[in-house]
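K.L.:
Mind looking over this structure? Questions follow.
Residue numbers (the working numbering): 193 to 980.
In structure tokens form, the structure reads like this:
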């Protein structure tokens, strides 16, 4: 072998190796350094986690975290203990090279504030007023919030607040300050405020007994405190006293403010100013009202007392009363009654009485010789039956009055009239009577019951009259339309000949009024026809027309029953198509002038299969899959069109759609020469569970509101099952509110079930935060001697 040939073979064998090495070198690119940190700002000491986001597949990392910390980890962490800003550098490297990124002043660490305060007084007897002075410094920025806890259950957000301690005890004062960098520092001074027992002033007094001064009021001093107590009273009318339990005479009416100042020999003092402690009334009770009143008439009373009372009680002398200020009273029984007014002024009451005479009413009644007629004009003689009357006022109900005792009145229009009579006696008292629809002037009205009617000759007709005649019927006259008549109220007539007849009825009342009723074509009588029919074809595919032909003689009206429970017709020669298979009995009723005949042909028509029917079921594991179930009647072939361009010839196919939506699915089935088609919409839904929260941070016993977003079609959802993360779960609606009874952080789950029975759920971790204190206390000791 020559040297040239040998070199050529060596080069040919090394070429793939060189190409492979070159492709490896080309696949490795130099990285590009990048990173993020969380958090990038906060209060010292600040723990920060760094996340490498370099590209180019680095294999080594070199971090300078700015606080003297170096790291070769991919994702290091460090703590910044000192306030300030820090620059962070990352160098990312691989076999292709390295890249460096520097973020200047990337991390900001804020200094915490220093906190301190002083108080103007730290010891004293209650009530003790203390002014607090803030001595804190901001550290970073400025102080933005001061939160004081005075140790007695009260708080303040002022920088330099004052507070009054109203109970005895030793109180720890706490101050928390927050600077503009969000840093917080707290100081607590235990037993900083010491409050000893002070003077507690209170008193009682007797109530005034009269509504007219002078009034003597007794005062009872209930003040307590250490040492020897001295007292200074001011009674509000210029008088005063230094006695412990004084009595004071008020000589004028009014509202008096009483002041008691109690001072202890140990230097504690307390003052009680009680407005309206003593209210002395100086009243004049009075009222106005009638001296006499007719029985049954309202008497109005007006309370004119001065001043106006807090409450009034009226006694009307007949075991009835009222608490209204200005009542209205009616006495039904004549006599003399004492009206008493009792005014209530809180601590006293005042009374005044006066008589009232209740006068008797006349006794009212009337009658008339006749009160009904069948037509106007109608003259009526009225007779007064009242006792004790001296004047009369009649209202006849037609707008015409009279003042005669026994008037004669003529009604010129028909109607029903209410007659009223008002009688006045010698005392001027009136009473009345009203007789509703006492006069009745009504024309007769007649109608014929039992018509129109029809039948076959000979036909027996028995009509009945429907008469409204206020004065009664004197005579009847029937005309049956075929020359026959009758004077009976309830006659019977037989029609022997085919025809259509008009029936008439005439009446005359006892007062001579008349009315009539006419029923045109009231009776139709015909001879019996012969019902018959034919149909073409007698055997037909479902959905195809069949021609029915009437063969009845003679006939003028028809009623078809096609035997399937739903089909009928009143045309003479109908066309009908059956919607289901079967053998059907046909019935035809044919009439000749009201006389019917029936023809029934049993098992006359055969409706041939097939009938196209199907149902669709859905797969919750694959919501785009539909299982079609054929429920057709006697099919032999199937042709499915799934509405998306796909087809099938299987009896009950399963089809997977490419997308959700609504598809019009058609099925064509055949059996021999017959076919049938059905088209039904099929809707595929895919509602994925989700919810949002209106207020995700609430206090205890406040409502957190959850709702399903508008991206979900709630019409497709059957149930919503909410789990609130505290052991409580329940079915609800798409918008649901829940009151959390306890503080905490809660994970909420929603399970949605759609109208197909498919479920989907979502869990949102720590989505609700509930804040609020939990009240509790323990006493110590639980038992002891008196004075514990």
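Think of the CB as a built atom: it goes at the ideal place given N, C-alpha and C, for glycine as much as any other residue. Please read all numbers here as calculations on a predicted model, not as lab measurements.
With a threshold of 6 Å on Cβ separation, who are the neighbours of residue 204 within its own chain once the five nearest residues in sequence on each side are excluded?
P.N.:
Residue numbering aside, residue 204 sits at position 12 when the chain shown is read from its first letter. Any reading at residue 204 must be qualified, since the residue scores a pLDDT of 49, below 50, and its modelled position is unreliable; no value is offered.
K.L.:
Tell me which residue opens and which closes the beta strand (DSSP E) that residue 882 is part of.
P.N.:
Numbered from 1 along the chain shown, position 690 holds the residue referred to as residue 882. It is not in any beta strand (DSSP E) - residue 882 carries neither H nor E in the DSSP assignment.
K.L.:
Taking the alpha carbon of residue 316 as the point to measure from, which residue in 459, 675, 427 and 229 has its own alpha carbon closest?
P.N.:
As a working mapping, residue 316 is identified with position 124 in the chain shown. Per the Cα distances, 459.
K.L.:
Could you check which residue in 621, 227, 385 and 307 has the C-alpha nearest to that of residue 319?
P.N.:
On the chain shown, position 127 is the one that residue 319 refers to. It is 385 whose Cα lies nearest to the Cα of residue 319.
K.L.:
Return the chain-ordered list of same chain residues with a C-beta closer than 6 Å to the C-beta of residue 362, the five sequence neighbours on each side being excluded.
P.N.:
Within the chain shown, residue 362 is the residue found at index 170, counting from 1. Excluding residues within five positions, the ones whose Cβ falls inside 6 Å are 383 and 386.
K.L.:
For the beta strand (DSSP E) holding residue 853, just list the boundary residues, first then last.
P.N.:
The residue you call residue 853 lines up with position 661 of the chain shown. That run of the beta strand (DSSP E) goes 853 to 863.
K.L.:
For residue 811, list the residues DSSP reports as bridge partners.
P.N.:
Numbered from its first residue, the chain shown carries residue 811 at position 619. Answer is none; residue 811 lacks a bridge partner.
K.L.:
For residue 669, which residues does DSSP report across the bridge?
P.N.:
If you number the chain shown from 1, residue 669 lands on position 477. Residue 669 is bridged to 698.
K.L.:
In its own chain, which residues sit with a C-beta less than 6 Å from the C-beta of residue 829, not counting the 5 before and 5 after it?
P.N.:
Within the chain shown, the letter at position 637 stands for residue 829. Within the same chain, residue 829 has close Cβ partners 862.
K.L.:
Going by the CB atoms, is the gap between residue 514 and residue 1028 shorter than 8 Å?
P.N.:
What the structure shows of the chain is the stretch from 193 to 980, and residue 1028 is not part of that stretch, so it cannot be assessed.
K.L.:
Find out if the Cβ-Cβ distance for the pair residue 370, residue 337 is shorter than 8 Å.
P.N.:
Here the question's residue 370 lines up with position 178 in the chain shown. Here the question's residue 337 lines up with position 145 in the chain shown. A contact, by the Cβ cut-off of 8 Å.
K.L.:
I'd like the list of long-range same chain contacts for residue 446, defined as Cβ closer than 7 Å, with 5 residues on each side in sequence excluded.
P.N.:
Within the chain shown, residue 446 is the residue found at index 254, counting from 1. Contacts found: 472.
K.L.:
Using a Cβ-Cβ cutoff of less than 6 Å, which residues in the same chain neighbour residue 570 once the five nearest sequence positions on both sides are dropped?
P.N.:
As a first step, residue 570 is located in the chain shown; it is residue number 378 there, counting from the start. Counting only Cβ-Cβ distances below 6 Å, and skipping sequence neighbours, we find 603 and 633.
K.L.:
Count the other CB atoms within 10 Å of the CB of residue 241; is the residue buried (16 or more) or exposed (fewer)?
P.N.:
Indexing the chain shown from 1 puts residue 241 at position 49. It counts as exposed.
K.L.:
Using the C-alpha atoms, what's the distance from residue 328 back to residue 271?
P.N.:
Along the chain shown, one-based indexing puts residue 271 at 79. Along the chain shown, one-based indexing puts residue 328 at 136. Approximately 26 Å, taken between the alpha carbons.
K.L.:
Is the CB-CB distance between residue 274 and residue 284 below 8 Å?
P.N.:
Along the chain shown, read from residue 1 onward, the residue named residue 274 stands at position 82. Along the chain shown, read from residue 1 onward, the residue named residue 284 stands at position 92. For residue 274 and residue 284, no; Cβs fall outside 8 Å.
K.L.:
Could you compute how far the alpha carbon of residue 743 sits from the alpha carbon of residue 658?
P.N.:
Numbered from its first residue, the chain shown carries residue 743 at position 551. Numbered from its first residue, the chain shown carries residue 658 at position 466. Approximately 42 Å, taken between the alpha carbons.
K.L.:
Report the rounded CA-to-CA distance for residue 401 versus residue 444, giving the unit in angstroms.
P.N.:
On the chain shown, residue 401 is found 209 positions in, with the first residue counted as 1. On the chain shown, residue 444 is found 252 positions in, with the first residue counted as 1. Rounded to whole angstroms, residue 401 to residue 444 spans 14 Å at the Cα level.
K.L.:
When we look at the beta-carbon of residue 214 and count the other beta-carbons within 10 Å, is it buried (16 or more) or exposed?
P.N.:
The residue labelled residue 214 in the question sits at position 22 within the chain shown. At residue 214, the pLDDT of 46 sits below 50, so the modelled position is not reliable; the number obtained from the coordinates is stated separately. Label assigned to residue 214: exposed.
K.L.:
In the DSSP assignment, find the beta strand (DSSP E) that holds residue 507 and state where it starts and stops.
P.N.:
Position 315 of the chain shown, counted from the start, is the residue given in the question as residue 507. Run containing residue 507: 503 to 507, per the beta strand (DSSP E) assignment.
K.L.:
Under 8 Å between the Cβ atoms of residue 441 and residue 408?
P.N.:
Counting from one through the chain shown, the residue named residue 441 turns up at place 249. Counting from one through the chain shown, the residue named residue 408 turns up at place 216. Yes, they are a contact pair.
K.L.:
For the stretch 464 to 479 against the stretch 533 to 543, are there 3 or more C-beta pairs whose distance is under 8 Å?
P.N.:
Contact holds: three or more Cβ-Cβ distances are below 8 Å.
K.L.:
Any chance you could list the beta strand (DSSP E) runs of at least 3 consecutive residues sitting entirely within the stretch 557 to 590, in chain order?
P.N.:
Taking only runs of at least 3 residues, the beta strand (DSSP E) segments lying wholly in the stretch 557 to 590 are 558 to 560, 570 to 576 and 583 to 587.
K.L.:
List the endpoints of the continuous beta strand (DSSP E) containing residue 681.
P.N.:
Within the chain shown, the letter at position 489 stands for residue 681. Residue 681 -> no beta strand (DSSP E), and no H or E assigned at all.
K.L.:
Around the Cβ of residue 737, are there at least 16 other Cβ atoms within 10 angstroms (buried) or fewer (exposed)?
P.N.:
Residue numbering aside, residue 737 sits at position 545 when the chain shown is read from its first letter. Exposed, because fewer than 16 other Cβ atoms sit within 10 Å of the Cβ of residue 737.
K.L.:
So, does the stretch 959 to 977 touch the stretch 888 to 902, judging by three or more C-beta pairs under 8 Å?
P.N.:
Contact between the stretch 959 to 977 and the stretch 888 to 902 is present, because at least three Cβ pairs lie under 8 Å.
K.L.:
Does residue 557 pass the burial test, meaning 16 or more other C-beta atoms within 10 Å, or should it be called exposed?
P.N.:
As a first step, residue 557 is located in the chain shown; it is residue number 365 there, counting from the start. Exposed, since its Cβ has fewer than 16 Cβ neighbours within 10 Å.
K.L.:
Name the residue from 389, 502 and 699 whose alpha carbon lies nearest to the alpha carbon of residue 462.
P.N.:
Residue mapping note: residue 462 aligns to position 270 of the chain shown, counting from 1. Looking at the Cα atoms, 389 is the closest of the given residues.
K.L.:
So is residue 873 buried or exposed if we call it buried at 16+ other beta carbons inside 10 Å?
P.N.:
What you label residue 873 is simply residue 681 of the chain shown in a count that begins at 1. By the 10 Å Cβ count, residue 873 comes out exposed.
K.L.:
Residues in the same chain with beta-carbon distance under 6 Å from residue 696, minus the five sequence neighbours each way, listed in chain order, please.
P.N.:
What you label residue 696 is simply residue 504 of the chain shown in a count that begins at 1. Excluding sequence neighbours, residue 696 sits near 671 and 710.
K.L.:
Which value, in whole angstroms, describes the spacing of the CA atoms of residue 750 and residue 786?
P.N.:
Here residue 750 corresponds to residue number 558 of the chain shown, with the count starting at 1. Here residue 786 corresponds to residue number 594 of the chain shown, with the count starting at 1. Roughly 11 Å between the two C-alpha positions.
K.L.:
Where does residue 907 sit, in a helix, a strand or coil, going by DSSP?
P.N.:
Here residue 907 refers to the residue found at position 715 of the chain shown. In the structure shown, residue 907 sits in a helix (DSSP, three-state: H, G or I).
K.L.:
Counting Cβ pairs closer than 8 Å, one from the stretch 809 to 829 and one from the stretch 850 to 859, do we hit at least three?
P.N.:
With a cut-off of 8 Å, the stretch 850 to 859 and the stretch 809 to 829 count as touching, because enough Cβ pairs lie within range.
K.L.:
How many angstroms separate the CA atom of residue 683 from the CA atom of residue 654?
P.N.:
Along the chain shown, read from residue 1 onward, the residue named residue 683 stands at position 491. Along the chain shown, read from residue 1 onward, the residue named residue 654 stands at position 462. When rounded, the distance between both Cα atoms is 6 Å.
K.L.:
Return the Cβ separation of residue 920 and residue 944 in integer angstroms, given the expectation that the two are a contact with Cβ distance under 8 Å.
P.N.:
Counting from 1 along the chain shown, the entry for residue 920 is found at position 728. Counting from 1 along the chain shown, the entry for residue 944 is found at position 752. Not a contact, Cβ separation roughly 18 Å.
K.L.:
To the nearest angstrom, how far is the alpha carbon of residue 417 from that of residue 535?
P.N.:
Taking the first residue of the chain shown as position 1, residue 417 is located at position 225. Taking the first residue of the chain shown as position 1, residue 535 is located at position 343. The straight-line gap from Cα to Cα measures roughly 43 Å.
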